[in-house]
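Q: Residue numbers (my numbering), protein chains in the order written: chain E, 10 to 530; chain U, 121 to 593.
Quick reminder that beta carbons are idealized off the backbone N, C-alpha and C, glycines included.
One structure follows; several queries about it will come next.
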Amino acid sequence: MDMLVGNTLTRLIFFPTIAALGLVLLARASERTVKVYALVVALVEMFFGLSYAASVFSGGHFVNSSEGPFAWIPGVGIRYHLVADGIAMPLVILTVMLLPLVILGTWTGIEKRWRGYAASMLLLTTGMLGTFLAADVFLFYVFFEVSLVPMYLIIGIWGGERRIYAAVKFFLYTMVGSLLMLVALVYLGWSYAQLSGGTWSFALADLLRVSLPAGPQMWLFLAFALAFAIKVPMFPLHTWLPDAHVEAPTGGSVILAGVLLKMGTYGFLRFALPLFPQAAQEATPWLVALSVIGIVYGALVAWVQVDMKKLVAYSSVAHLGFVMLGLLAFDLVAWQGALLQMINHGLSTGALFFLVGMLYERRHTKKFAEFGGLAKVVPVFAFFLVFSALASVGLPALNGFVGEFLILVGSYKTLTWWAVVATFGVVLAAVYLLKMVAATIWGPLENDANKSLADLNWREITTLVPLCIAMLWIGVAPARFLEPSRPALEATLAAYQARASQPAPAVPTLLPAGSPVQENR
Amino acid sequence: MNATDLQSIAPELTLALAGCLLLLLEAFTPKIRESFTALSVAAGLFAGWQVLGLADGASFGGLIVANRWTAAGSLVTLVSMVLCFLASHAFLKREKIFGGEYHAMILWAASGALFLLRGQELLTIFVALELLSVALYALAAYNRKDSHGSEAAVKYFLMGAFASAFVLYGIALLYGSTGSTRLDVIAERFGSGQASPVIGVLGVLLLIAGFGFKMSLVPFHAWAPDTYQGAPSPFVAFLSVAPKAASVIVLIHVLRTVFPSALATDWSPIIATLAALSMIAGNLMALVQKDIKRMLAYSGIGHMGYVLIPLATLDAGSWQPVLVYLVAYALMNAGAFGLISMLYARSREQHLISELSGWGHRFPLLAACLTVCMLSLGGIPPTIGFLGKYLTFVHAVSHGQVWLALVGVGTSLLGVFYYLRVVYYLYMKDEVAEPTGLAIDFWGRTAAVAAALGILALGMFPARLLEWLLGQN
Chain E
10 MDMLVGNTLT RLIFFPTIAA LGLVLLARAS ERTVKVYALV VALVEMFFGL
60 SYAASVFSGG HFVNSSEGPF AWIPGVGIRY HLVADGIAMP LVILTVMLLP
110 LVILGTWTGI EKRWRGYAAS MLLLTTGMLG TFLAADVFLF YVFFEVSLVP
160 MYLIIGIWGG ERRIYAAVKF FLYTMVGSLL MLVALVYLGW SYAQLSGGTW
210 SFALADLLRV SLPAGPQMWL FLAFALAFAI KVPMFPLHTW LPDAHVEAPT
260 GGSVILAGVL LKMGTYGFLR FALPLFPQAA QEATPWLVAL SVIGIVYGAL
310 VAWVQVDMKK LVAYSSVAHL GFVMLGLLAF DLVAWQGALL QMINHGLSTG
360 ALFFLVGMLY ERRHTKKFAE FGGLAKVVPV FAFFLVFSAL ASVGLPALNG
410 FVGEFLILVG SYKTLTWWAV VATFGVVLAA VYLLKMVAAT IWGPLENDAN
460 KSLADLNWRE ITTLVPLCIA MLWIGVAPAR FLEPSRPALE ATLAAYQARA
510 SQPAPAVPTL LPAGSPVQEN R
Chain U
121 MNATDLQSIA PELTLALAGC LLLLLEAFTP KIRESFTALS VAAGLFAGWQ
171 VLGLADGASF GGLIVANRWT AAGSLVTLVS MVLCFLASHA FLKREKIFGG
221 EYHAMILWAA SGALFLLRGQ ELLTIFVALE LLSVALYALA AYNRKDSHGS
271 EAAVKYFLMG AFASAFVLYG IALLYGSTGS TRLDVIAERF GSGQASPVIG
321 VLGVLLLIAG FGFKMSLVPF HAWAPDTYQG APSPFVAFLS VAPKAASVIV
371 LIHVLRTVFP SALATDWSPI IATLAALSMI AGNLMALVQK DIKRMLAYSG
421 IGHMGYVLIP LATLDAGSWQ PVLVYLVAYA LMNAGAFGLI SMLYARSREQ
471 HLISELSGWG HRFPLLAACL TVCMLSLGGI PPTIGFLGKY LTFVHAVSHG
521 QVWLALVGVG TSLLGVFYYL RVVYYLYMKD EVAEPTGLAI DFWGRTAAVA
571 AALGILALGM FPARLLEWLL GQN
């Protein structure tokens with residue numbers, strides 16, 4: 010019980026689930042009560058998250074802290090083990106900060122079945138936090154899967170016209186990858202059992218010691234990479250994303266873009282790359298090519314969209330391509346940029362999805378053709394749209410610039426020409442996002458339906474202001490946000506490079522414990 | 121036979137005597153009929169308690185065995201039986217066919233299933249199989265006003281009779297080649313080379329085919345969809361679990377005796393092929409079903425394929441994945457059929473999935489339970505269904521059968537697709553059917569909640585169950 014009461018990771022992860030069960034007691038409560046309840050829970054969860062972050066923040070860095078391991082499924086070595094470090098904590102903070110904003114931002118946007126919506130959001134939060142904090146690969150897999158069902162429901166119940174198609178596509182795409190990952194995971198655990206004399210383990214620290222021959226290693230890497238590449242999503246596995254984004258309700262889109270996609274990049278950084286270094290090394294050129302294609306392709310497709318939400322969705326493909334490029338550069342600066350860009354994308358794209366949703370609530374359309382000249386009628390909205398778009402474009406002094414700049418600088422060293430091509434992605438981002446801004450808020454105000462639009466109310470402003478503050482803050486004081494994660498990234502990178510520089514062994518080998526690999530978890 | 125022997129079959133005796141008692145009550149005090157549900161549930165729970173108290177070891181001179189594995193198999197049977205009784209109450213009342221013979225026959229069938237999975241001698245196994253089967257044939261046609269039920273029962277009976285004949289012929293061949301019907305003696309004779317391997321192989325093949333019928337493995341599956349569709353829905357909760365579970369355990373007993381012996385045939389490819397065929401065909405056919413009972417029948421064929429995976433490389437380590445899978449299957453499949461019996465008005469030929477449209481919002485509790493069952497059937501964590509699949513795949517991978525694990529994974533994906541369709545109709549469509557004439561009562565809700573909680577609790581906290589199963593050697 011202590012783990013649920015104290016300032017612990019377990020409390021952080023499972024408080025939303027317990028709170029979701031509490032919704033059962035509100036069976037006869039009014040919709041307003043449910044909303045207030047959800048908001049209060051979200052704020053408490055945010056407080057838990059921030060207070061935990063504060064407790065592990067010392068000397069300018071996030072220090073590693075762990076809970077467990079406790080035996081969970083005996084016999085096959087599955088343990089309940091959570092670890093918070095400099096890689097996980099930023100994503101955890103992003104998740105708990107987005108939650109209350111999502112509740113607030115969709116206060117009127119969700120018009121039916123608020124109880125179910127709140128419950129789905131809270132269960133989803135448990136899944137997301139668990140994914141980032143699990144230190145047992147099996148536990149990670151469970152949380153990874155658990156987060157699927159609430160998102161399926163959110164898209165399928167509260168989504169747009171083609172919501173069913175989008176929800177099923179989202180679910181099946183993710184399942185395909187993750188089931189193959191499960192088989193690979195079992196194989197890896199079995200290899201460990203073979204090498205360690207029959208003891209099964211799925212602890213990341215143990216599995217990192219397993220060094221497999223090139224053949225099996227490549228298959229396992231491909232299985233992991235497929236699961237994560239679908240989630241990211243990397244070109245050409247991205248086709249579920251535009252559908253899911255366009256059909257999802259605003260809150261779903263914000264969480265999907267803000268956090269769920271990061272499970273993919275996080276999975277690469279934490280699992281796929283460190284577990285199979287030689288295979289990753291070999292596959293890097295291909296993955297880099299796909300990332301850069303994703304950057305350019307996402308940008309070009311975003312450019313030709315006539316629907317605001319689709320444009321933002323395709324911009325996610327491009328932005329996540331940058332994150333992948335940074336990760337595949339295997340360079341500390343690029344990794345710092347990639348981790349920061351994961352957060353940045355959550356903030357700026359989250360804000361853009363909120364804004365599109367707010368406009369949609371007023372006009373029930375997301376087509377550019379319906380808008381134009383909105384700055385005259387809704388100046389506050391226009392301000393936030395310009396601000397978020399510029400952050401997304403990568404304007405200096407805003408967050409997007411820092412992340413993309415670090416990624417490009419870091420990857421220029423090792424992936425020179427690819428970095429050059431990716432730079433065009435930045436230019437293209439400016440083109441399509443400014444096109445969106447121009448088409449909606451500038452120009453003549455011609456459509457009569459827009460002439461009486463109400464500007465943002467205080468609730469909507471409250472939703473957006475924290476995001477904008479964060480964007481500005483990261484933009485002007487990036488070191489404050491980069492430094493806390495540096496040691497964890499350094500350790501992971503050093504461990505990776507130590508192993509990747511060696512050739513793959515001819516037979517499965519167990520690396521000695523206490524190698525640099527051990528440091529990072 | 122002595123007192124210890126009688127004690128060793130206490131659960132079976134409880135069930136059989138409870139059946140007799142209910143039949144007498146039905147004859148002499150028909151007015152208290154409505155208490156039969158409670159009585160039979162109590163008998164089931166009491167038998168379960170007795171199962172847990174059984175001393176390990178053989179009795180009746182080695183004809184019957186008791187250990188944790190048979191105990192787990194017995195509990196699987198009893199869980200499906202209790203869920204079946206709970207779900208039956210309102211259904212039988214609505215159909216105006218409430219009678220003691222229904223409960224009595226199910227109790228006897230359960231007694232047969234318990235004997236079957238504990239039998240160590242082929243004639244004991246055969247008699248137990250018949251006790252189980254004959255009761256099931258009659259029960260499939262229990263709703264005598266419903267012609268579909270009679271059709272279902274006849275199909276089931278004809279196919280079942282074939283299966284019994286196969287089993288009997290297999291027994292005869294094994295007896296002919298070894299001179300014994302006791303599994304341990306048969307194993308010994310084969311081991312020492314005293315018996316004719318050719319006839320022995322044929323005998324074992326016939327036994328696999330016969331129990332393959334009962335398990336509805338491909339290619340012996342054809343009866344299952346028609347029978348499930350026509351039989352009373354709550355009864356299918358029992359029909360789709362107990363005979364399958366008992367048959368799997370008998371197969372393990374039979375195969376374990378012949379596997380290590382000098383029989384020339386390597387059994388792995390045969391079992392692996394049956395498993396793969398069942399997984400692929402069952403899931404593919406379930407994909408195109410519009411009727412939820414047929415869908416679950418086909419998916420049940422697929423599930424037996426998963427159960428069979430660890431049997432392809434049989435050792436003592438096969439028990440745990442098989443039994444965890446069976447526990448999962450009992451909760452999720454019996455739970456699902458119990459819910460179907462509540463959520464469909466009137467028994468009739470079709471139970472379209474689309475009729476559930478929008479009921480996630482009208483019946484939040486039952487729909488949530490059905491969703492949990494579907495997620496578990498689909499193998500999505502944190503449910504016991506996922507754990508069962510996972511342990512199965514672990515067994516396959518660690519015994520060099522990665523391809524079987526990959527087939528299992530691929531077909532699981534198909535499963536996710538059609539199980540999610542139920543969730544989709546429940547929550548994402550507008551209502552099409554009138555919510556009238558449904559047989560929902562306290563008993564049924566209890567069954568639904570118990571199944572759903574069991575699925576989640578065992579999925580999240582499986583340690584006790586797994587340790588208990590591992591404790592047996």
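Where does residue 135 (chain U) fall in DSSP's three states?
A: Locating residue 135 (chain U) in the second sequence gives position 15, counting from the first residue. Three-state DSSP puts residue 135 (chain U) in a helix.
Q: To the nearest angstrom, how far is it from the Cα of residue 254 (chain E) to the Cα of residue 319 (chain E)?
A: For this step, residue 254 (chain E) is matched to residue 245 along the first sequence. For this step, residue 319 (chain E) is matched to residue 310 along the first sequence. Distance between the alpha carbons of residue 254 (chain E) and residue 319 (chain E) is about 7 angstroms.
Q: Are there three or more Cβ pairs, one per stretch, closer than 8 angstroms when the region 40-57 of chain E is compared with the region 91-106 of chain E?
A: Segments in contact, yes.
Q: What residue does the beta strand (DSSP E) around residue 185 (chain U) start on, and which one ends it?
A: Within the second sequence, residue 185 (chain U) is the residue found at index 65, counting from 1. Note, residue 185 (chain U): beta strand (DSSP E), 184-186.
Q: Leaving out five residues on either side along the sequence, give the residues of the same chain with a beta carbon under 7 angstroms from the beta carbon of residue 465 (chain U).
A: Sequence index remark: in the second sequence, residue 465 (chain U) carries index 345 (1-based). Excluding sequence neighbours, residue 465 (chain U) sits near 556, 557 and 558.
Q: Can you list, in chain order, the stretches of the beta strand (DSSP E) that have 3 or more residues and sit fully within the region 158-233 of chain U?
A: The qualifying runs are 177-179 and 184-186.
Q: Please classify residue 472 (chain E): does DSSP put it in a helix, a strand, or coil?
A: One-based indexing of the first sequence puts residue 472 (chain E) at position 463. Correct three-state label for residue 472 (chain E): helix.
Q: Quick one: list the residues of chain E neighbouring residue 583 (chain U), beta-carbon separation under 8 angstroms, in chain order.
A: Within the second sequence, numbered from 1, the residue matching residue 583 (chain U) stands at position 463. The answer, in chain order, is 80, 81, 82 and 83.
Q: Chain E partners of residue 525 (chain U), CB-CB under 8 angstroms?
A: In the second sequence, residue 525 (chain U) corresponds to position 405, counting from 1. Under the 8 angstroms cutoff, chain E gives 192 and 195.
Q: Determine the chain E residues that contact residue 317 (chain U) at a beta-carbon separation under 8 angstroms, and present them in chain order.
A: As a working note, residue 317 (chain U) is residue 197 in the second sequence. The contacting residues do not exist; residue 317 (chain U) stays about 34 angstroms from chain E at best.
Q: Are the C-beta of residue 289 (chain U) and some C-beta of chain E separated by less than 8 angstroms?
A: One-based indexing of the second sequence puts residue 289 (chain U) at position 169. No, its Cβ sits nowhere closer than 8 angstroms to a Cβ of chain E.
Q: Here's the rule I'm using: 16 or more other beta-carbon atoms within 10 Å means buried, otherwise exposed. How should residue 301 (chain U) be labelled?
A: Taking the second sequence and counting its residues from 1, one reaches residue 301 (chain U) at position 181. Looking at its Cβ environment, which holds 16 or more other Cβ atoms inside 10 Å, residue 301 (chain U) is buried.
Q: In the DSSP assignment, what are the bridge partners of residue 239 (chain U)?
A: By 1-based counting over the second sequence, the position of residue 239 (chain U) is 119. Residue 239 (chain U) pairs with U:184.
Q: With DSSP as the reference, identify every bridge partner of residue 510 (chain U), one or two as the case may be.
A: Position 390 of the second sequence, counted from the first residue, corresponds to residue 510 (chain U). Paired residue(s): none; residue 510 (chain U) is not in a bridge.
Q: List the residues of chain U whose Cβ lies closer than 8 angstroms to the Cβ of residue 180 (chain E), in chain order.
A: Along the first sequence, one-based indexing puts residue 180 (chain E) at 171. Within chain U, the residues near residue 180 (chain E) are 536 and 540.
Q: Quick check: residue 550 (chain U) and residue 210 (chain U), are their CB atoms within less than 8 angstroms of each other?
A: By one-based count along the second sequence, residue 550 (chain U) stands at place 430. By one-based count along the second sequence, residue 210 (chain U) stands at place 90. No, the Cβ-Cβ distance between residue 550 (chain U) and residue 210 (chain U) is not below 8 angstroms.
Q: Classify residue 152 (chain U): buried if its beta carbon has 16 or more other beta carbons within 10 angstroms, exposed otherwise.
A: Counting from 1 along the second sequence, the entry for residue 152 (chain U) is found at position 32. So residue 152 (chain U) counts as exposed.
Q: Rounded to whole angstroms, what is the Cα-Cα separation between residue 160 (chain U) and residue 84 (chain E)?
A: Numbered from its first residue, the second sequence carries residue 160 (chain U) at position 40. Numbered from its first residue, the first sequence carries residue 84 (chain E) at position 75. When rounded, the distance between both Cα atoms is 36 angstroms.
Q: Please state whether the Cβ-Cβ distance between residue 192 (chain E) and residue 442 (chain U) is less than 8 angstroms.
A: Numbered from 1 along the first sequence, position 183 holds the residue referred to as residue 192 (chain E). Numbered from 1 along the second sequence, position 322 holds the residue referred to as residue 442 (chain U). Their beta carbons are not under 8 angstroms apart, which means residue 192 (chain E) does not touch residue 442 (chain U) by this criterion.
Q: Compute the Euclidean distance between the alpha carbons of residue 272 (chain E) and residue 438 (chain E), then round it to the nearest angstrom.
A: Counted from its first residue, the first sequence places residue 272 (chain E) at position 263. Counted from its first residue, the first sequence places residue 438 (chain E) at position 429. So the alpha carbons of these two residues sit roughly 23 angstroms apart.
Q: Short of 9 angstroms Cβ to Cβ, which residues in the region 425-453 of chain U face chain E?
A: Within the region 425-453 of chain U, the residues whose Cβ lies closer than 9 angstroms to some Cβ of chain E are 440, listed in chain order.
Q: What is the rounded straight-line gap between the Cα of residue 285 (chain E) and the Cα of residue 257 (chain E)?
A: Counted from its first residue, the first sequence places residue 285 (chain E) at position 276. Counted from its first residue, the first sequence places residue 257 (chain E) at position 248. Approximately 35 angstroms, taken between the alpha carbons.
Q: Closer than 7 angstroms, Cβ to Cβ, to anything on chain E: give me those residues from the region 351-380 of chain U, in chain order.
A: Correct list: empty, as no residue qualifies.
Q: Once the 5 residues before and after residue 297 (chain E) are set aside, which same chain residues still bring their CB inside 7 angstroms of it?
A: The sequence position of residue 297 (chain E) within the first sequence is 288, counting from 1. Closer than 7 angstroms at Cβ, skipping near neighbours: 334, 337, 424 and 427.
Q: Which residues, in order along the region 537-568 of chain U, keep a beta-carbon less than 7 angstroms from a beta-carbon of chain E?
A: Answer in chain order: 537, 540, 544, 547 and 548.
Q: Would you report the Cα separation of residue 238 (chain E) and residue 314 (chain E), rounded to the nearest angstrom?
A: What you label residue 238 (chain E) is simply residue 229 of the first sequence in a count that begins at 1. What you label residue 314 (chain E) is simply residue 305 of the first sequence in a count that begins at 1. If you take the alpha carbons of residue 238 (chain E) and residue 314 (chain E), they lie about 24 angstroms apart.
Q: Out of curiosity, what's the CA-to-CA distance linking residue 378 (chain U) and residue 434 (chain U)?
A: Sequence index remark: in the second sequence, residue 378 (chain U) carries index 258 (1-based). Sequence index remark: in the second sequence, residue 434 (chain U) carries index 314 (1-based). Cα to Cα, residue 378 (chain U) sits roughly 11 angstroms from residue 434 (chain U).
Q: According to DSSP, what are the bridge partners of residue 92 (chain E)?
A: Residue mapping note: residue 92 (chain E) aligns to position 83 of the first sequence, counting from 1. BP columns for residue 92 (chain E) point to E:75.
Q: Determine which residues share a DSSP beta bridge with residue 472 (chain U) and list them.
A: Counting from one through the second sequence, the residue named residue 472 (chain U) turns up at place 352. Beta-bridge pairing links residue 472 (chain U) to U:411.
Q: If you reduce the DSSP assignment to three classes, tell me which class residue 316 (chain E) lands in.
A: As a first step, residue 316 (chain E) must be located in the first sequence, where it is residue number 307. Here residue 316 (chain E) sits in strand by DSSP.
Q: Can you tell me the Cβ-Cβ gap for residue 167 (chain U) and residue 198 (chain U), rounded? I've got them flagged as a contact below 8 angstroms.
A: On the second sequence, residue 167 (chain U) is found 47 positions in, with the first residue counted as 1. On the second sequence, residue 198 (chain U) is found 78 positions in, with the first residue counted as 1. Going by Cβ atoms, the distance from residue 167 (chain U) to residue 198 (chain U) rounds to 6 angstroms, so yes, they are a contact pair.
Q: Please give me, in chain order, every unbroken run of the alpha helix (DSSP H) with length at least 4 that falls completely inside the region 141-197 of chain E.
A: Runs found: 146-155 and 157-167.
Q: Would you kindly check if the distance between the Cβ of residue 27 (chain E) and the Cβ of residue 142 (chain E) is under 8 angstroms?
A: Along the first sequence, one-based indexing puts residue 142 (chain E) at 133. Along the first sequence, one-based indexing puts residue 27 (chain E) at 18. Result no, Cβ atoms of residue 142 (chain E) and residue 27 (chain E) do not sit closer than 8 angstroms.
Q: Under 8 angstroms, with one C-beta from each stretch per pair, do the region 404-412 of chain E and the region 146-163 of chain E reach the 3-pair mark?
A: No, they do not touch.
Q: Contact criterion: CB-CB distance below 8 angstroms. Does residue 199 (chain E) meet it with respect to chain U?
A: In the first sequence, residue 199 (chain E) corresponds to position 190, counting from 1. Residue 199 (chain E) counts as touching chain U.
Q: Can you check which of these residues, E:471, E:400, E:416 and E:469, is closest to residue 446 (chain E) by C-alpha distance?
A: On the first sequence, position 437 is the one that residue 446 (chain E) refers to. When each option's Cα is compared against that of residue 446 (chain E), the closest is E:400.
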